[in-house]
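Comments concern the structure below.
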Amino acid sequence: MRPPSLILSLLFMALPAYASDTVTKPIKQASAKEEASVPLKDEIKQLKETPIKESKAEAAARKKEAQAADELALKIAERLAEIRKDKDDVSKPAARPFVRPYVIPAKKTVSADDKSKKAAKHWSYEGEEGPLAWGKLNPSNIKCDLGERQSPIDIRDGIKVELDTLNFDYKPSQFQVIDTGHTIQVNLGAGNYLNVSGKNFELNQLHFHRPSEERVNGKGFEMVAHLVHKDRDAKLAVVAVLLELGEPHPVIQSVWNNLPLEKNEIVKALKNLDVTQLLPKRHEYYTYMGSLTTPPCSEGVLWMVMKEPVQISPEQSAIFARLYPHNARPIQKTSGRIIKESL
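The structure is reproduced here in structure tokens:
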């Protein structure tokens, strides 16, 4: 690269020659030809400016045409969209009405109580559906055939001991009477209890059999009333009150006064019933472990048979006999069971 001093010296050397040429050069006069060319240049300039103005007008016209074309295209597009929508609506299948899906109903579970009720509709005290066939009518009745502690029994050879006192805590209560198709049953209101051996049982219902299902040393009775109790653990305790012919009984009469006109019809009595009056004066009893005397013949039932019978009139017995002349299960085997009786 050359040093700056050298460049400056060269510039100074060339400057005088340039200045002399500028000053000494004479001004050239314009010729006629050159003067004639001036209007030509103005025309050319005018021609150049004129196309510029025309192109702006054309641009404005083209812009207007383009805008009109865009508006027309927009209208065409909107129309096509409407036509397409109408076509889609026509080709679209009509909406199907809502149909609730079919649901297979759940299979109802059958409880043991339902089975017992179903079985109860088919058993009887005589004929092909009598006591000898109970165990075969329904699987839940198997104890009726194979049970080892069935009821009723002929009470014999009882061990005489000092038994626990039966503490009856009964009070007048509302009651209902129903003809079950097998007996006359009295459903009692809450609040009636039996306490024995430190256990508390509530009285639920009482019903009747003719003749008495229980026997004492081979002796039968006109009828028997079974008072069915249940504790908190659903264990059953049945008090049997033996009925013999004699004087009319007010409790029995109160029940008969409310007999239903149809089977399985429930009659709600207007007056209360005091079951205490149905008990004998003396509370000595026999006791043993047994079963229900009707299907399903469930075992584990505590039985207490009152030793002293209670009297009913022949007319009262005849009223029941018109409905159920015989609704007693035959005597069952003792099978070595211990029987206790009060001293």
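Sequence positions in the sequence shown follow mature numbering (1 follows the signal peptide of the UniProt record, and there is no 0) and run -19 to -1, 1 to 324. C-beta atoms are modelled at their ideal positions from N, C-alpha and C, and glycine is treated no differently.
Query                                                                                                                             : Result
Start-to-end residues for the alpha helix (DSSP H) that takes in A302                                                             : P295 to L304
S132 (DSSP reduced to helix, strand or coil)                                                                                      : coil
Length of the line joining the Cα atoms of L260 and V291                                                                          : 7 Å
Inter-stretch contact at 8 Å, needing at least 3 Cβ pairs: the stretch 110 to 128 / the stretch 197 to 215                        : no
Chain-order list of residues whose beta-carbon lies under 7 Å from that of W237 (same chain, five-residue window excluded)        : Q297 and I300
C-beta atoms of L175 and V220 nearer than 8 Å                                                                                     : yes
Under 8 Å between C-beta atoms of I319 and I136                                                                                   : no
Where T275 falls, given that 16 or more other Cβ within 10 Å makes a residue buried                                               : buried
Sequence-distant residues of the same chain with beta carbon closer than 8 Å to K117, five excluded per side                      : D126
Chain-order list of residues whose beta-carbon lies under 6 Å from that of residue 327 (same chain, five-residue window excluded) : Since the first residue of the chain shown is -19 and the last is 324, residue 327 is not available in this structure.
Runs of beta strand (DSSP E) wholly within the stretch 122 to 169 (minimum 3 residues, chain order)                               : 140 to 142, 148 to 150, 156 to 160 and 165 to 169
Y305 to Q155 span [Cα, whole Å]                                                                                                   : 25 Å
Closest by C-alpha distance to T268, when choosing among N173, Y151, L283 and T257                                                : L283
Within 8 Å, strictly: CB atoms of Q166 and H188                                                                                   : yes
In chain order, each beta strand (DSSP E) run of at least 3 residues that lies wholly inside the stretch 200 to 261               : 204 to 211, 217 to 226 and 247 to 249
Option in V222, V158, I159 and M204 with minimal Cα separation from H264                                                          : V222
Whether Y151 touches V256 by CB criterion (8 Å)                                                                                   : yes
S36 in three-state terms, based on DSSP                                                                                           : helix
Opening and closing residue of the beta strand (DSSP E) in which K321 lies                                                        : K321 to S323
Cβ-based burial, Q131 [other Cβ within 10 Å; buried from 16]                                                                      : buried
Continuous alpha helix (DSSP H) stretch holding K117: start and end                                                               : W115 to L118
Reduced DSSP secondary structure (H/G/I, E/B, other) of E194                                                                      : coil
Three-way DSSP call (helix, strand, coil) for L55 in this model                                                                   : helix
Sub-8 Å separation of L197 and L224 beta-carbons                                                                                  : One detail in the question is off: residue 197 reads as Val in this sequence, not Leu. Contact flag unset, no.
Cβ neighbour criterion (16 or more within 10 Å) applied to Q313                                                                   : buried
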